[in-house]
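Asks: Numbering (my numbering), first residue to last: 11 to 329.
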């Protein structure tokens with residue numbers, strides 16, 4: 011059994027993983043396994059991954075025949091992991107060469123279920139390091155820190171607990187929000203490191219792409235966020251009921267993010283109205299009314315009907 015398991019989901023990454031793999035090969039602590047999860051790639055990623063595995067016996071590949079999205083790939087990797095400590099690495103990111111060695115030292119010192127460390131978002135250079143937090147689950151659900159799971163190392167018992175209490179479902183947005191809740195909900199202790207180990211490559215993301223989004227893509231973002239949030243709430247109700255109300259706020263925050271990001275970027279008023287209309291349902295009525303009476307009206311339209319859609323569109327130059 012390796013000391014570390016490094017789990018890397020891969021989808022159509024030919025020519026994009028050299029820096030990621032090099033940063034693993036350069037680690038000053040070598041007792042690790044790498045589990046690549048080929049998530050139904052349609053390019054030559056599987057051959058590329060098999061090539062990595064042929065060169066280093068610590069690397070191995072498991073595959074999904076069809077793409078199942080990031081959450082399912084991570085669950086597959088978790089089931090395959092045999093290491094004492096598990097870390098997650100995205101295929102286009104990379105890590106500092108002393109990361110595993112320093113995390114090993116911290117784990118030996120503390121025996122913590124979760125070890126938190128810092129990351130830097132590139133190319134803009136924004137850095138995040140963990141702030142003190144007594145209750146990680148409450149802190150995450152209250153929005154004290156972002157959900158990203160790649161900025162933590164997890165003891166095997168946390169991963170085993172997550173496999174027993176969590177579940178995989180189709181989700182192409184908000185998967186970290188769900189997994190963070192499950193991981194923190196299965197942990198009893200944590201330790202922080204004031205070190206930036208992880209390089210997160212941010213080349214666009216949803217906000218940059220949203221101008222090209224059509225209503226089907228926005229619907230998919232909405233559906234995935236709803237799935238992530240409702241599964242998070244179900245987990246809390248079953249295993250950590252005292253946090254269930256906080257989980258409901260996480261769902262609303264995710265849906266609010268999808269709405270605002272797309273609404274700010276949308277230049278076509280008809281598509282903006284269609285986007286807002288997705289929220290015209292009982293469980294998201296507050297967000298729907300917020301958009302109708304606030305952002306949508308301010309950006310696009312003039313109406314004499316309270317909370318309704320008018321026929322005459324106007325543009326607010328200060329928006």
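A virtual CB, placed ideally from N, CA and C, is assigned to each residue, including glycine.
Exposed or buried, which one is residue 64 when buried takes at least 16 other CB atoms within 10 Å?
Replies: Residue 64 comes out exposed.
Asks: Count the other CB atoms, across all protein chains shown, that sit within 10 Å of the CB of residue 256; report buried if there are 16 or more and exposed otherwise.
Replies: Buried: at least 16 other Cβ atoms inside 10 Å.
Asks: Taking Cβ to Cβ, would you say residue 33 is nearer than 8 Å to residue 105?
Replies: Yes, these two residues count as a Cβ contact at 8 Å.
Asks: Can residue 88 and residue 17 be called in contact, C-beta distance under 8 Å?
Replies: Yes, the Cβ-Cβ distance between residue 88 and residue 17 is below 8 Å.
Asks: Flag this pair as yes or no: are the beta carbons of residue 297 and residue 265 separated by less than 8 Å?
Replies: Closer than 8 Å, so yes.
Asks: Do we get a CB-CB distance below 8 Å when we pair residue 294 with the residues of chain B?
Replies: In the structure shown, chain B does not exist; there is a single protein chain.
Asks: If you compare alpha carbons, which of 204, 202, 198 and 158 is closest to residue 184?
Replies: Considering only alpha carbons, the answer is 158.
Asks: List the residues that DSSP assigns as beta-bridge partners of residue 73.
Replies: Paired residues: 48.
Asks: Can you list, in chain order, the residues of its chain whose CB lies under 7 Å from that of residue 73, leaving out five sequence neighbours each side?
Replies: Excluding positions up to five away in sequence, the list reads 48 and 56.
Asks: Looking at the secondary structure, which residues open and close the beta strand (DSSP E) in which residue 187 lies?
Replies: Not the beta strand (DSSP E): residue 187 falls in the alpha helix (DSSP H), residues 185-195.
Asks: How long is the line joining the alpha carbons of residue 161 and residue 109, rounded to whole angstroms?
Replies: Going from the Cα of residue 161 to the Cα of residue 109 covers about 11 Å.
Asks: Return helix, strand or coil for residue 106, following the three-state DSSP convention.
Replies: If DSSP states are grouped into helix, strand and coil, residue 106 belongs with coil.
Asks: Spatial neighbours of residue 120 within its chain, please: C-beta separation below 7 Å, excluding the five flanking residues on both sides.
Replies: Correct list, in chain order: 201.
Asks: Rounded to the nearest angstrom, what separates residue 279 and residue 273 at their Cα positions?
Replies: Their Cα atoms are separated by approximately 9 Å.
Asks: Distance check for residue 283 and residue 169, CA to CA, integer angstroms please.
Replies: If you take the alpha carbons of residue 169 and residue 283, they lie about 42 Å apart.
Asks: Residue 59 lies in the alpha helix (DSSP H); which residues open and close that run?
Replies: Where residue 59 is concerned, the enclosing alpha helix (DSSP H) stretches over 55-65.
Asks: Just checking, does the segment 237-248 make contact with the segment 124-143 on the three C-beta pairs under 8 Å criterion?
Replies: They do not touch, by the three-pair rule.
Asks: List, from N- to C-terminal side, the alpha helix (DSSP H) runs of 4 residues or more that fit wholly inside the segment 226-268.
Replies: With a minimum length of 4 residues, no continuous alpha helix (DSSP H) run stays inside the segment 226-268.
Asks: Measuring only the C-alpha atoms, how far is residue 113 from residue 102?
Replies: Approximately 21 Å, taken between the alpha carbons.
Asks: Between the alpha carbons of residue 227 and residue 40, how many angstroms are there, rounded?
Replies: Whole-angstrom Cα-Cα distance: 42 Å.
Asks: Helix, strand or coil: which one does DSSP assign to residue 99?
Replies: Reduced to three states, the DSSP call for residue 99 is coil.
Asks: For residue 276, which residues in the same chain have their Cβ closer than 6 Å to its Cβ, ignoring the five residues on either side in sequence?
Replies: Hits under 6 Å: 282.
Asks: I believe residue 24 touches residue 66 by the beta-carbon criterion, under 8 Å. Please report the beta-carbon distance rounded to the nearest angstrom.
Replies: 19 Å between Cβ atoms; not a contact.
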